[in-house]
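Everything on this sheet refers to the single structure shown next.
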Amino acid sequence: LVIAGGEGCELVTEDGRRLIDGMSGLWTVNLGHGRQELVEAAVKQLRSLPYLTTFGGVSSPPAIELAEKIVELAPALRAS
Amino acid sequence: MHGFTHSAHPVACAVALANIATIEREDLLTRVREMSETMRRLVAPLRDDPEVGEVRQAGLMVGVELVADKATRERWPAQATRGRLVSAEARERGLLTRSLLDDILCLAPPFTVSEEMLGRAVEALDQSIEATRGLHR
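The structure is reproduced here in structure tokens:
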């Protein structure tokens, strides 16, 4: 089975057959396929800094911002 | 501490932030809670299937467990590939899913799924269980 595209909650095969994406990829495609704001976020980041290794105490703004957001949302208490 | 080549990949992090922002802006968790009740209603009849041992649900995530014996909930032997028969049939009926731990069919649609599409997904799963009954090794 070869999937050539995704539209909303559906996947589209090479020959145009549509299948419901029953597991959201692997629980990853929360918003469905083809969300323009995600495409734009990816393009913007690709333009400013497409890749960085975090080895050796190096980081980038989106990594720091995401870590802070996850800590804010996670149900555990912040480690003191 | 273990590091990976793509740990904290800036593009992945930027997309994740935009993803969370949309979930918050569109209040999708409220929508998921509401849609979960629709899902609960839709999957309830599966419990009456002679091969369904249990239907488990957390939010929009559902696991439909197929068993060899409904009374004792004895599992199919792995070589029966009961679950894989169902997921293969489901593909033909317009639903892509997998069976986990051999025979637990999984449904976990995107947060934006419509009631109509949920209905079609559950129907495809139900019909796939029925269509493959007795075909296991």
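So the sequences go chain by chain: A and B. Position 10 (the first sequence) corresponds to 10 in this note's numbering; numbering is contiguous. If you count the second sequence from 1, you need to add 1000 to reach this note's numbering. Beta carbons are placed, not taken as given, at the ideal position from N, Cα and C, and that holds for glycine.
Strictly under 9 Å for the Cβ-Cβ distance: is B/Gly1083 near chain A by that measure? No - not a single Cβ of chain A is within 9 Å of the one on B/Gly1083.
Alpha carbon to alpha carbon, how far is B/Ala1016 from B/Asp1049? Give it in angstroms, no decimals. Distance between the alpha carbons of B/Asp1049 and B/Ala1016: 39 Å.
Below 7 Å CB to CB, which residues in the same chain sit around B/Leu1046 once its five sequence neighbours on both sides are set aside? For B/Leu1046, where only same-chain residues beyond five positions count, the Cβ hits under 7 Å are Val1052, Val1055, Val1064, Asp1126.
Mapping DSSP to helix, strand and coil, what is B/Thr1048? Reading off the sequence, residue 1048 of chain B comes out as Asp, not Thr. Per DSSP, reduced to three states, the secondary structure at B/Asp1048 is helical.
Output, in chain order, the set of chain A residues within a Cβ distance shorter than 7 Å of B/Ile1020. Among the residues of chain A, those whose CB is under 7 Å from the CB of B/Ile1020 are Lys69, following chain order.
Rounded to whole angstroms, what's the CA-CA distance from B/Thr1072 to B/Cys1106? Just pull it up for me. Using only the alpha carbons, I get a separation of about 22 Å.
Going by C-alpha distance, which of B/His1006, B/Ile1023, B/Pro1010, B/Met1035 is nearest B/Gly1119? Residue B/Met1035 is the option with its Cα nearest to B/Gly1119.
Look at A/Leu84 and B/Leu1095 and say whether their C-beta atoms are less than 9 Å apart. No statement about residue 84 of chain A is possible, as the shown extent of chain A runs from 1 to 80 and does not include it.
Identify, in the order they occur along the chain, each residue of the same chain with its Cβ nearer than 7 Å to the Cβ of B/Arg1093, setting aside the five sequence neighbours on each side. Taken in chain order, the residues that qualify are Ala1124, Gln1127, Ser1128.
Would you be able to state if there are at least three C-beta pairs under 8 Å between the region 24 to 40 of chain A and the region 54 to 65 of chain A? No: the two stretches stay apart, fewer than three of their Cβ pairs being nearer than 8 Å.
What residues of chain A sit near B/Ser1007, judged by a beta carbon separation below 7 Å? Neighbours of B/Ser1007 across chain A, judged by C-beta separation under 7 Å: Thr54.
Could you name the residues of the same chain whose beta carbon sits closer than 6 Å to that of A/Gly57, not counting the 5 residues immediately before and after it, in chain order? Contacts found: none.
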